[in-house]
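Okay, so here's the structure we're looking at.
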Amino acid sequence: MASPTTTDTTTKKSPLSRHRHLSPLSSVRISPLQLGGMSLGTTWSDRLGAVPKSSAFSLLDRFYSLGGNFIDTANAYQAGQSEEWIGEWMATRSPTRRSEMVIATKYTLSPIPQGSSIQESNFGGNGTKSMRVSIDESLRRLRTDYIDIYYVHAWDYSTNIEELMQSLNHLVAQGKVLYLGISDAPAWVVSKANTYARVHGLRGFSVYQGRYGATCRDLEREIIPMCREEGMGLCVWGVLGNGYLRSPNTAAERVRNVSHLLTGHEEHVSLVLDTVAKRHGEGASVTSVAIAYVMQKTPYLFPIIGGRTVEQLEENVQALSLDLTEQDVREIDAAYPFDLGFPHSFLCPGGYRDGGGCPGPQDVAFSRAMGEFDYVEGGKAIRPFKG
């Protein structure tokens with residue numbers, strides 16, 4: 096008879112330690128928040144500010160101690176320094192640390208610093224040559240023999256689907272990659288690629304990565320519906336408005352730090368988020384509400400948090416305990432006029448009512464005109480654990 100499982104209840108665990116599946120098609124278990132590695136390094140200090148190795152390791156240590164196991168990076172981040180430091184951190188912390196962590200990295204952008212004499216033609220792009228050069232370097236820098244999730248970083252509008260999926264599947268067959276992802280690409284590319292993979296018995300994309308948040312909801316037009324239909328997870332960046340969603344008393348700082356990624360909605364959305372945070376009381380903040388908002392919009396969504404300090408990380412983790420009401424979500428949705436665009440605005444002129452990030456049959460005008468119908472609801476996001 097097996098021994099009964101015992102649970103230590105003497106200390107309350109962080110909600111970051113409650114792991115979940117990446118997607119319906121990938122059973123790897125990951126923390127609900129993903130630590131972004133783009134800021135880890137000093138190579139890009141002129142545009143991102145410097146995060147020295149000691150600070151980066153402290154951030155990684157705290158993420159791990161809170162229960163985090165999901166880290167996002169790319170071959171081009173900090174010209175490879177991000178991967179190098181993450182690999183060094185895993186290698187020096189514990190013999191099992193690599194096995195404990197789920198590492199996502201990417202290829203497509205060139206890691207070669209500007210001004211180099213190296214011919215860069217095949218150090219970037221979606222093609223097989225770029226893929227081969229990039230995977231070998233990423234494995235070396237990360238000090239590992241496999242990547243958990245390997246992303247196409249951005250669509251180059253020139254590589255054919257057949258080459259892409261055959262070459263990616265070869266990496267899976269070699270054991271160099273476990274799961275495939277795609278980032279910053281049109282929905283039609285992902286759907287076509289996954290269809291090709293299914294028909295030919297190849298590994299398809301299990302996860303999409305893109306920009307999503309209260310100030311930029313474009314993924315609701317095509318990407319979120321696609322992810323639901325394809326059984327894909329969704330990892331999102333820009334949840335905090337690229338650092339520009341802040342409480343009103345820090346508005347002056349936002350004005351000084353101008354970014355090309357600003358949408359123009361940051362100030363008003365911040366006010367709405369602040370109102371919701373005050374309604375939830377102590378422990379809620381503009382940033383925690385912004386994170387909770389996207390997590391409760393659609394299932395299998397994992398925010399990438401790119402904090403630079405342990406304090407920022409701990410504040411972001413508080414979002415996992417924040418249970419927003421339907422009214423909260425509707426208020427944030429209404430913070431700025433978001434147009435689904437054609438054909439959605441034509442088919443569903445009244446918008447959509449489930450608040451789940453995509454329209455459904457109950458929203459189609461011509462169907463509603465024919466009578467009253469009941470439909471099976473789509474999947475719902477995991478709610479915060481009450482324990």
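Position 167, counted from 1, in the sequence shown is what this note's numbering calls 262; the numbers after and before it change by one each time, with no gaps. Glycine residues also receive a C-beta, built at the ideal position from the N, C-alpha and C atoms.
What is the rounded straight-line gap between the Cα of E377 and the Cα of E409?
14 Å
Examine the Cβ distances between the stretch 233–243 and the stretch 178–193 and report whether three or more of them are shorter than 8 Å.
yes
Element boundaries [beta strand (DSSP E), containing C330]:
G328 to W332
Check whether the Cβ of T393 sits closer than 7 Å to any heavy atom of the ligand SAH, and report yes or no.
Ligands are entirely absent from the displayed structure, and the ligand SAH is therefore not among its contents.
Short check: CB of H439 to CB of R316, under 8 Å?
yes
Going by CA-CA distance only, name the one from A387, P119 and E257 that's closest to G296.
E257
Go through the stretch 260–325 residue by residue and report every complete run of the alpha helix (DSSP H) that reaches 4 residues or more, in order.
282–294 and 318–325
Ordered along the chain, which non-local residues of its own chain (more than five positions away) have a Cβ less than 8 Å from that of A186?
R192, R193 and R238
Look at the alpha carbon of S383 and the alpha carbon of P119, and state the distance between them as a whole number of angstroms.
26 Å
Based on DSSP bridge pairs, tell me the residues matched to I400.
L130
Based on Cα-Cα distance, which residue from Q269, L266, M226 and G270 lies nearest to A249?
M226
What are the start and end residues of the beta strand (DSSP E) that includes Y246?
I242 to V247
What first and last residue would you give for the beta strand (DSSP E) that runs through F165?
F165 to D167
Sorted by chain position, which residues of the same chain lie with C-beta nearer than 6 Å to S134's C-beta, five sequence neighbours on each side aside?
L143, V146, G401 and R403
Using the Cα positions of V405 and R157, report the straight-line distance between them to the nearest angstrom.
7 Å
What residues match up with I125 in a beta bridge as DSSP calls it?
R115
Residue closest to W184, alpha-carbon to alpha-carbon, out of T138, F397 and F152
F152
Going by the beta-carbon positions, is the gap between G333 and S301 smaller than 8 Å?
no
Unbroken beta strand (DSSP E) run spanning T200, endpoints:
V197 to Y202
Between the stretch 419–428 and the stretch 159–178, do at least 3 Cβ pairs fall closer than 8 Å?
no
Can T310 and T370 be called in contact, C-beta distance under 8 Å?
no
Below 8 Å on the Cβ atoms is my contact criterion, and I expect I53 with Y202 to pass it. Report the Cβ-Cβ distance as a whole number of Å.
The structure shown does not extend to residue 53, since the chain is modelled only from 96 through 482, so no value can be given for it.
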